[in-house]
Each structure stands twice: as C-alpha cells, then as structure tokens.
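**Student:** Note that the protein sequences, when read in sequence, are chains A and B. Oh and the first sequence: position 275 is 275 in the UniProt record's numbering, straight run, nothing missing. Oh and the second sequence: position 186 is 186 in the UniProt record's numbering, straight run, nothing missing.
Protein chains: 2
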Amino acid sequence: MTLGPVLDRIDADLPDAIDRLLALLRIPSISTDPAYAVECQKAADWLVDDLKTVGFQADKRQTPGHPMVVAHADGPADTPHLMFYGHYDVQPVDPLDLWDTPPFEPALEDTPAGKVIRGRGSSDDKGQLMTFVEACRAWTAVHGSLPARISLFFEGEEESGSPSLIPFMEENKDELTTDIALICDTGLFESKTPAIITQLRGMTCEDFTITGPDRDLHSGMYGGVAMNPIRILTRALADLHDDTGRITLPGFYDGVEELSDEIRAQWQGLGFDHVKFLADVGLKHPAGEQDRMPIEMLWSRPTCDVNGIWGGYTGDGFKTVLPSKASAKVSFRLVGKQDPDAIRKTFRAYLEDRLPDGFTIEYRTEKGAPAAQVSTDNPMFEQARKALTDEWGIPAAFAGCGGSIPIAGYFKDILGVDAMLIGFGKDDDNIHSPNEKYDLESFHKGIRSWARILAELS
Amino acid sequence: MTLGPVLDRIDADLPDAIDRLLALLRIPSISTDPAYAVECQKAADWLVDDLKTVGFQADKRQTPGHPMVVAHADGPADTPHLMFYGHYDVQPVDPLDLWDTPPFEPALEDTPAGKVIRGRGSSDDKGQLMTFVEACRAWTAVHGSLPARISLFFEGEEESGSPSLIPFMEENKDELTTDIALICDTGLFESKTPAIITQLRGMTCEDFTITGPDRDLHSGMYGGVAMNPIRILTRALADLHDDTGRITLPGFYDGVEELSDEIRAQWQGLGFDHVKFLADVGLKHPAGEQDRMPIEMLWSRPTCDVNGIWGGYTGDGFKTVLPSKASAKVSFRLVGKQDPDAIRKTFRAYLEDRLPDGFTIEYRTEKGAPAAQVSTDNPMFEQARKALTDEWGIPAAFAGCGGSIPIAGYFKDILGVDAMLIGFGKDDDNIHSPNEKYDLESFHKGIRSWARILAELS
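1. Using only the alpha-carbon positions, how far apart do A/Leu-129 and B/Pro-34 sit?
2. Given a threshold of 16 other Cβ atoms within 10 Å of its Cβ, counted over all protein chains shown, does B/Gly-114 qualify as buried or as exposed?
3. When DSSP labels each residue in this structure, what does A/Arg-333 get in the three-state scheme?
4. Between the stretch 157-189 of chain B and chain A, which residues of the former have CB atoms less than 8 Å from a CB of the latter, in chain order?
5. What are the residues of the stretch 289-314 of chain B that lie near chain A, defined by any Cβ-Cβ distance shorter than 7 Å?
6. Is A/Phe-104 helix, strand or coil when you go by DSSP?
7. Residues in its own chain within less than 8 Å of A/Glu-39 by CB, not counting five upstream and five downstream?
8. Helix, strand or coil for A/Val-69 per DSSP?
9. Can B/Glu-362 and B/Thr-209 be called in contact, C-beta distance under 8 Å?
10. Excluding the 5 residues flanking A/Gln-383 on each side, which residues of the same chain have their C-beta closer than 7 Å to its C-beta?
11. Between the alpha carbons of B/Arg-118 and B/Asp-428, how many angstroms are there, rounded?
12. Using 10 angstroms around the beta-carbon of B/Ile-196, count the other beta-carbons present and answer buried if the total reaches 16, otherwise exposed.
13. Count the other C-beta atoms from every protein chain shown that fall within 10 angstroms of the C-beta of A/Ile-166, then say buried if there are 16 or more, exposed otherwise.
14. Alpha carbon to alpha carbon, how far is B/Arg-120 from B/Glu-105? Give it in angstroms, no decimals.
15. Which residues of chain B have a Cβ atom closer than 8 Å to the Cβ of A/Asn-228, listed in chain order?
16. Is the beta carbon of B/Gly-187 sitting closer than 8 Å to the one on B/Gly-423?
17. State the Cα-Cα distance for the pair A/Thr-365 and B/Cys-184, rounded to the nearest angstrom.
18. Note down, in chain order, every chain B residue with its Cβ under 9 Å from the Cβ of A/Ser-331.
19. Taking the alpha helix (DSSP H) that B/Trp-310 belongs to, which residues open and close that run?
20. So, is B/Gln-290 buried or exposed, given that buried needs 16 or more other C-beta atoms within 10 angstroms?
21. Fully enclosed by the stretch 23-79 of chain B, which beta strand (DSSP E) runs are 3 residues long or longer?
22. Does any C-beta atom of chain B lie closer than 8 Å to the C-beta of A/Pro-213?
23. DSSP on B/Tyr-350, reduced to helix/strand/coil?
24. CB-CB under 6 Å to A/Ile-309, same chain, minus the five flanking residues each way: which ones, in chain order?
25. Under 8 Å, with one C-beta from each stretch per pair, do the stretch 199-209 of chain B and the stretch 436-443 of chain B reach the 3-pair mark?
26. For the stretch 384-392 of chain B against the stretch 137-151 of chain B, do three or more pairs of beta-carbon atoms, one drawn from each stretch, fall closer than 8 Å, so that the two count as touching?
27. Thinking A/Gly-86 and A/Phe-132 are a contact (beta carbons under 8 Å), I'd like their distance in whole angstroms, please.
28. Kindly indicate which residue of A/Ser-191, A/Leu-182, A/Met-297 and A/Ala-419 has the alpha-carbon position closest to the one of B/Gly-224.
29. Can the beta-carbon of A/Val-306 be found closer than 8 Å to that of A/Leu-237?
30. Taking 7 Å as the limit between beta carbons, can you name the residues of its chain near B/Val-335, skipping five residues before and five after?
31. Let me know the secondary structure DSSP gives residue 544 of chain A once reduced to three states.
32. According to DSSP, what are the bridge partners of B/Tyr-88?
33. Taking 8 Å as the threshold (C-beta atoms), are B/Lys-426 and B/Glu-391 in contact?
34. So that I know if they touch, is there some Cβ in chain B lying closer than 8 Å to that of A/Glu-39?
35. Could you pull out every residue in the same chain whose Cβ sits closer than 7 Å to the Cβ of B/Leu-415, ignoring the five residues on either side in sequence?
36. Are A/Phe-347 and A/Leu-249 closer than 8 Å when you measure CB to CB?
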C-alpha cells in the first residue's frame, strides 16, 4: 500500500472535501446552549452517515448530554490499532454583530493571506476533525482499505466541560483502548511549524469574595476608620508576584521541573520570536520570571493571573462608596508535578492570613487539573514527527502548550493510552471568537499529514 | 422679645408643623431625574407660598436647572443679617422594593426608639430645612416679627451636583451677602450631641483605566509571557498605603495640619466610641494611621479609598481571560491645606511610573475640592453653641465632618461669609437609602434649637 497515490487522491478530491466540511459546518451544534441540543444530534448523525461512506462501522451513542460517535474499521494484520479523537460541538457565536458573515453559513473565502474556510467550528474542531476523516477516505478510495486498524471517537460536549466524557470512557474501556490516541485539536507552532504537543499546563482556579463591613458605607462618614475590602484584596493580589515575576505562595514551585537539556536545546532551536508574539497583541516585554526564556514562561513555567476583579461602584460617574465586598477570579496554570489541590489550599491560607479580624471570605470553587507531560518514548512519536517534517518541509517539533487539554490526560489515566496531540490551527484562527476561520492550507496539508502519519505508523 | 413664649408656641404648634412637613415630603422633587423636573418646580412653589404665610417676601428664581427659592424678612434695627441655606431636592428612591412604605407617602410612625417621620427627604433635607422655617413662624406668631433680619436661600440641585449654584451666587452676590450663613444639612454627633461642624474634608477623585494588551487574551495561550493590567493595577493600588496605614504618595501630607491643643482636648472630651461605631457596621479595628485617634482618622486626617475596581471576566463561572483593561475609581479625602490639584498630579505620576513600557492609561476626570476649615473667631459661633447646649442639655461641640459639604466653602469664597453648619440628623436616618426617616425629636428640638439660636444671635 503506497502513499503517493493517496496524496494525489487527496489533492484531486479537495473540492469535494471542502463541500463535506461546509455541510458539517452548517449544523449549529452549540453544546452549551440547550436550544441547540437537536443540532448536536444532527451533527452526530451527519458524522455517522459520512463515516459509513468511508467504510467505518459507525454508531451514535447517547449519553445524559450530547451523543458520542464511535466508529471502527479493520486494517491489515500486524498493524497497530489507532484511535482518533475530535469534537463536533462548537462554541456559541456571541457577539453576533461582530461577525462579517453569518457563523453558520460557511464559505471558502479569498483573503490577502490566502484562501480560508470561514465559519464557526471551521478550526475548532470540525475542520481539524475532518482532516483525519478525509485522510482515511483517500486511503480506502485508493487501496480499498485502511493501512491500520482505526477507531474514531468524537464527542459533542468539549466546549461545555465534557460532563459525559469520563463516565463514557470508563464504561467503554475495552472498546476505546488502542495502541495510541491521535488528537487533532491544537495548532502549528507560530502558525507555520508542525508540532506534536508533549507538555500541557494544568490549572487551579479560585473565585472568591472578601466581605469587610456588613453593608456599603459612605466614605465621607467612614473613610479613614473603616477598612476597605478592596484594599485587602489588592494587597493580597499584588503580593502574589515578587519584583522578579516569581510567584510568592509558599511551596508553589514544588513539583516544577527543569527542562531536560534535550528539550531546552530543541525549544531554543525553534527560534520563538517573542518580540513579535507580544507585539501582535500590543505588548513589549515578557511578564514572567525574568531569568527564564519566554518560551519557558509559556510552556513549562507555572503562572498566576487575575482573570477578573470587581468591587464597589463601577458605573458612570463617581460614588464615594466604601464597599462591603470585593471579589476576584484567580487562576494558576500548573506544570510538572504541581498539585492543584495543594496549591488551592496554600492560596486559601495565604488569603485568610491577610484578612483583618472580622473579615470573611467566601469561595466559589472551580475544579482543578494537574499538568500533563506526554512521554515520547513510544517510537510512534518519532514516526509521526518524520511524517510531519516530510509534509511541511520544516522539522516538526515536540512542543509545549500553555493551555490545558484534559482529554490527553484522560486517555492516559483511564485507558493507559499515550496521546499524540497534532493539529494544524493557526494563531489567527479566531477560535472562540467572531469570524472563526481555518486556512485552506491547514485543511489540505492537514489531510495529507494524517495520510503520511498513517503510512508511517502502519 | 422674649424666648419662652416662642418655645411654648413651637410645642403647641408641633402637630401642624408635622402636617406642613408631610405636605412638602409628598412632592417627589428628585433632582437628578429629568422626569421629576415639574415636581421640583412644585416643591419650590410650595416653599414660596409657605414662606409668604410666615411673613417673608419670597420668590422662585429660575435657573438653567431647577429653581432657587430666595426670601427676605426685616428685623429690628441693629440686629445682624442672617442667611439660612437648605435644599428642597431629594435623592432617587431606588431600590424601591427595599422601602417598607412608599417613599412619597410620608407618615408619622411609632418605632421602639420613638416617633419618626418616615419618607424620602424627611432628614435630607426637607425636614432639616423646615426646622428653621418653623422657628421663624413661631417667632412671628408670638412677636409679630422676627428677632433679626433674615434671608433664606433654598436650592433644588444639591443631590445632583449643584450646577446652577455658583453662577447664581456670583450673579446675586449683593442680595445673598449677609453677616453669617446658617446651614442645616448635617447631624448630631453620635446621634445625641449637638454639634457645629467646623472642619470639612475636601476631596479629589480619579476614575481611570489601564490598558495593556490591545485585546483580551486567552491565559492558556499568553499566560506567563503577557503582562496582565490587573497585576499592574492591584500593585499600584496596594502600594498606596504602607503597613502603618499611612498614604505613600510623595508630598501627600503637605498642608495637613496637626490639631490645636484646644481642639484635641475638646475632641477627646467627646468620648467617641469607635468600637461601637465600627461594630455597628460589622468591623473591629480602625483602618487609618495607627498612631492617630479614630476621631482624627475621620475628621482631620486625609484618606485614600478605592471606591470601585473592575477588570476581566466578572460573571458567573470562570473564563481564563487575560484582560486588555483594568479600571478603578479612587478618591482622596483631603484636610487642612492639601491641594486637590497637586494631589491629582502626584497620583497620576505615581500611576504612570508603574506602567510597563507600552501600557497606557486613560482618565475620566472628576472635579476636586479642598477641605474647609471654618474659623470660629466670629462670636456668633459661641452664641450658637450656648443656645444648642441650653436646648439639648449636653455641651454642644465644635466638631469635624468626614464628608465634603461644598456650600460652606462657596459662602466663604464667593460671598466672604462665614458658614455655621448645624443639623439634627442621626446616624440611622438612612439618608440616600431606602426607609429614610427623621426622628420627631430631631424635628421638634431642631425647631426649638433655631428659635434659641435666633434669640442668641439677635
């Protein structure tokens, strides 16, 4: 089973592949909004029907939430069993008035930077998911069968916290356990270098309110003698970083690991242009620990950010209120073996130590997740890297990711399966934002990348 | 012209005086809301009509905003010319559902603590204003004329920033210039000790937004390397106070004066119960400079308070946004000769010094006012103090006030007239809040107090 004709087939079939993706994008499968539940069913049905045309045995599986799609197809003997994961649900589209075209009337569009597929879900994650399906389609079209045994697993709740995912994986362990999991929900490094994500940061969040006086006070009547909870809050938040950008919570860096020489050399070789990365969003200087490389700040160092703060009068004009309450939402991105629960506990103790006698604090707890470090010992990682390098003409990287993608950890923890995160999104895809797009280049070379990876892994 | 029969007349006429106040309170003269402009006219008309029955020559004077009421009545030769100031406009009534009775259906109400007049404006300032009018009515009823030449000056824009006040005072300087101004818009000290306010704090405010990244960022993608403007804001605000409660702005205390031994002794003699004052609003410890008496913190020391803060995501749940902007509203209460403009300039420089390269700051300026220190050299102050002591049976105090009442400064600056601030409000009157009330004791003894003060000053 040779690769060349498969790649040719992908090139020739591209217009039809685009049409199929546009059809899937027309289904407004917004998972957070119950009004679109029937659309999530429709998207799952569309995928089941399409996968059958590729030769998969495919089913829609109901859950308490939106359905899963599970599909299987055999491959030649002595080939590995590969699992592919993606999600067919999409983010809401608000604010709708910032879209230049209707989010669910997708189209191929010419732009100065090249052709793009515009519409909600084009990049996150319907377009990425279809790169793998189209690669399978080309293999079966040319060779009559796939080069390996392949299973597909699509969920419809990724954008709404995946409430059914863990129970479903636990209940269907045998069916979902394979030799490796392939996940297409990430991007190219700096929008050009193909990358396999091997480090994902974890997170712990705290949403809390400090109460001082038992009612809002007039600062003329009480100012000077009554302690303002905003003063307590700003002091506590300000003291979370020292002057060098290091986070001051006791024991916070426990479990943070230094980069291996190999990874450090590889990351340095990426030539991350942090000046441009920051300039693109109007910034000039990296904010993290000043003795670290910017790429480390993003991928392998923990962070602390205030994601929201509020208290007192925030409307037009001025009210000299001395408020009763002050609130904040704080998140910590975690790396290595940092323990989300231990950090939450330390942070709470830190806050409570700073409360004056009589002040109280109330927490609205959010769940945390540890960082994930994917082992690249499995030789399939090097095989996939070679395939990506061949397709893109640029050495593919083992990269980090500043965000959290819990699915990789679930494959490892629940099924014992290593996950390889490979995606073709670009930084300017506007995922979760108006005017989402997926470059035609991402889609086309993404399909070809998977075709090559299947050849290498088989 | 003896005082005794005047006081008897006040006691006998109290039921009718209450009815007159209730009639005035029924007029919803909310000055900030243009929908109530006609009601402000009605309140002014009601006052003109009522003042005529007392023997005043009274007029409604139109302004670009709500009208002024100006009235004059002659007194015996060789008596001083007294001016009385009050305001007939009231605060809005939101949130209406927190009122136990309709705000503009006032009534005399029995409570465990005694009879109160309940309704919007009962204390601030219609009830207080009418204490003076009723005192004049009793004098003329008993003696056929007033004991001194008296002018009245009521405005209808006090609760909406008094936009017409300064121009009106400047255009009518001769008519409004008297030997002293009497203002009834303050309260009893600790709700029981009659007080003449001689120190009023000034204020300077700053409402500003710091912008860092030029858009909201995802903290997974940018966290660690992108500087968060909330981090800059909280650090700047936290550093405004040192550990002892002192404000750190360079030169901030320039112009702050130490108490004279006399005033210090008098204030110590008041026995201010700061533990109860704080406990009443759920607090335990004074927040100001730790080497100062709590009463100084309130009356003669400057303050800095954050009255509002906001940035990032503040809704339900969690969004790991790294926001573009962070905002705050900060006010400084000023004392002595502190210069509002100099402090604004210093504060702006302080903020701008803390902005990372590339960050910007935008100000929404609010006007400032210096503190007012009323000189008590004029012998009328001691005469009024004696009258108050006689009425209340408690030595009246020269007190400070933590808030700002700009009218006192205007009388001095525009007309060269000393202002004596005497009022009978109590701390639990709920001014500016639902269920506003004025104790019948405040109203009754307030009228008697003015009758005595008129006798003393004549």
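Cβ coordinates follow ideal geometry from the N, Cα and C atoms, glycine included.
**Tutor:** In short:
1. Your numbering for residue 129 of chain A matches position 129 in the first sequence. Your numbering for residue 34 of chain B matches position 34 in the second sequence. Going by the C-alpha atoms only, they are around 58 Å apart.
2. As a working note, residue 114 of chain B is residue 114 in the second sequence. By the neighbour-count rule (16 or more Cβ atoms within 10 Å), B/Gly-114 is not buried but exposed.
3. Taking the first sequence and counting its residues from 1, the one referred to as residue 333 of chain A is at position 333. A/Arg-333 falls in the strand class under three-state DSSP.
4. For the stretch 157-189 of chain B, the set of residues with a beta-carbon nearer than 8 Å to any beta-carbon of chain A is empty.
5. Residues passing the 7 Å Cβ filter: Pro-294, Met-297, Leu-298, Arg-301, Thr-303, Asp-305, Val-306, Asn-307, Gly-308, Ile-309, Trp-310, Gly-311, Gly-312, Tyr-313 and Thr-314.
6. Counting from one through the first sequence, the residue named residue 104 of chain A turns up at place 104. In this structure, A/Phe-104 counts as coil in the three-state DSSP scheme.
7. Position 39 of the first sequence, counted from the start, is the residue given in the question as residue 39 of chain A. Within the same chain, A/Glu-39 has close Cβ partners Ile-27, Pro-28, Ser-29 and Ile-30.
8. What you label residue 69 of chain A is simply residue 69 of the first sequence in a count that begins at 1. DSSP places A/Val-69 in strand when its eight states are reduced to three.
9. As a working note, residue 362 of chain B is residue 362 in the second sequence. As a working note, residue 209 of chain B is residue 209 in the second sequence. Yes, the pair counts as a contact, with Cβ atoms nearer than the cut-off.
10. Within the first sequence, residue 383 of chain A is the residue found at index 383, counting from 1. Once the five neighbours on either side are set aside, the close Cβ partners of A/Gln-383 are Glu-456 and Leu-457.
11. The residue you call residue 118 of chain B lines up with position 118 of the second sequence. The residue you call residue 428 of chain B lines up with position 428 of the second sequence. So the two alpha carbons sit approximately 12 Å from each other.
12. Within the second sequence, numbered from 1, the residue matching residue 196 of chain B stands at position 196. Label assigned to B/Ile-196: buried.
13. Stepping through the first sequence from its first residue, residue 166 of chain A is reached at position 166. Looking at its Cβ environment, which holds fewer than 16 other Cβ atoms inside 10 Å, A/Ile-166 is exposed.
14. Within the second sequence, numbered from 1, the residue matching residue 105 of chain B stands at position 105. Within the second sequence, numbered from 1, the residue matching residue 120 of chain B stands at position 120. Those two C-alpha atoms are separated by around 9 Å.
15. Along the first sequence, one-based indexing puts residue 228 of chain A at 228. Within 8 Å Cβ-Cβ: Ala-287, Asp-305 and Val-306.
16. The count along the second sequence starts at 1 and reaches residue 187 of chain B at position 187. The count along the second sequence starts at 1 and reaches residue 423 of chain B at position 423. The Cβ-Cβ distance between B/Gly-187 and B/Gly-423 falls below 8 Å.
17. Here residue 365 of chain A corresponds to residue number 365 of the first sequence, with the count starting at 1. Here residue 184 of chain B corresponds to residue number 184 of the second sequence, with the count starting at 1. For A/Thr-365 and B/Cys-184, the distance between alpha carbons rounds to 50 Å.
18. As a first step, residue 331 of chain A is located in the first sequence; it is residue number 331 there, counting from the start. By Cβ distance, chain B contributes Ser-219, Gly-223, Phe-318 and Thr-320.
19. Reading the second sequence from its first residue, position 310 is the one you call residue 310 of chain B. Segment 303-312 is the beta strand (DSSP E) holding B/Trp-310; no alpha helix (DSSP H) there.
20. Stepping through the second sequence from its first residue, residue 290 of chain B is reached at position 290. So B/Gln-290 ends up on the exposed side.
21. 57-61 and 68-73
22. By 1-based counting over the first sequence, the position of residue 213 of chain A is 213. Yes, A/Pro-213 lies at the interface with chain B (some Cβ there is under 8 Å from its Cβ).
23. Indexing the second sequence from 1 puts residue 350 of chain B at position 350. In this structure, B/Tyr-350 counts as helix in the three-state DSSP scheme.
24. The residue given as residue 309 of chain A occupies position 309 in the first sequence. Taking C-beta separations shorter than 6 Å and ignoring five residues to either side along the sequence, the partners of A/Ile-309 in its chain run Ala-328, following chain order.
25. no
26. With the cut-off at 8 Å, the stretch 384-392 of chain B and the stretch 137-151 of chain B do not touch.
27. Sequence index remark: in the first sequence, residue 86 of chain A carries index 86 (1-based). Sequence index remark: in the first sequence, residue 132 of chain A carries index 132 (1-based). Sure, about 7 Å apart at Cβ, within 8 Å.
28. By one-based count along the second sequence, residue 224 of chain B stands at place 224. Among A/Ser-191, A/Leu-182, A/Met-297 and A/Ala-419, the Cα nearest to that of B/Gly-224 belongs to A/Met-297.
29. For this step, residue 306 of chain A is matched to residue 306 along the first sequence. For this step, residue 237 of chain A is matched to residue 237 along the first sequence. With a cutoff of 8 Å on beta-carbon distance, A/Val-306 and A/Leu-237 are scored as near each other.
30. To locate residue 335 of chain B, count along the second sequence from 1; it is residue 335. Same-chain partners within the cutoff: Arg-201, Val-256, Ser-300, Arg-301, Pro-302 and Ala-371.
31. No answer is possible for residue 544 of chain A: the residues shown for chain A start at 1 and end at 458.
32. Within the second sequence, the letter at position 88 stands for residue 88 of chain B. Beta-bridge partners assigned by DSSP to B/Tyr-88: none are found.
33. Position 391 of the second sequence holds residue 391 of chain B. Position 426 of the second sequence holds residue 426 of chain B. For B/Glu-391 and B/Lys-426, no; Cβs fall outside 8 Å.
34. Taking the first residue of the first sequence as 1, we reach residue 39 of chain A at position 39. A/Glu-39 does not count as touching chain B.
35. By 1-based counting over the second sequence, the position of residue 415 of chain B is 415. Excluding sequence neighbours, B/Leu-415 sits near Met-169, Lys-173, Leu-176 and Thr-177.
36. Here residue 347 of chain A refers to the residue found at position 347 of the first sequence. Here residue 249 of chain A refers to the residue found at position 249 of the first sequence. For the 8 Å CB-CB criterion, A/Phe-347 and A/Leu-249 form a contact.
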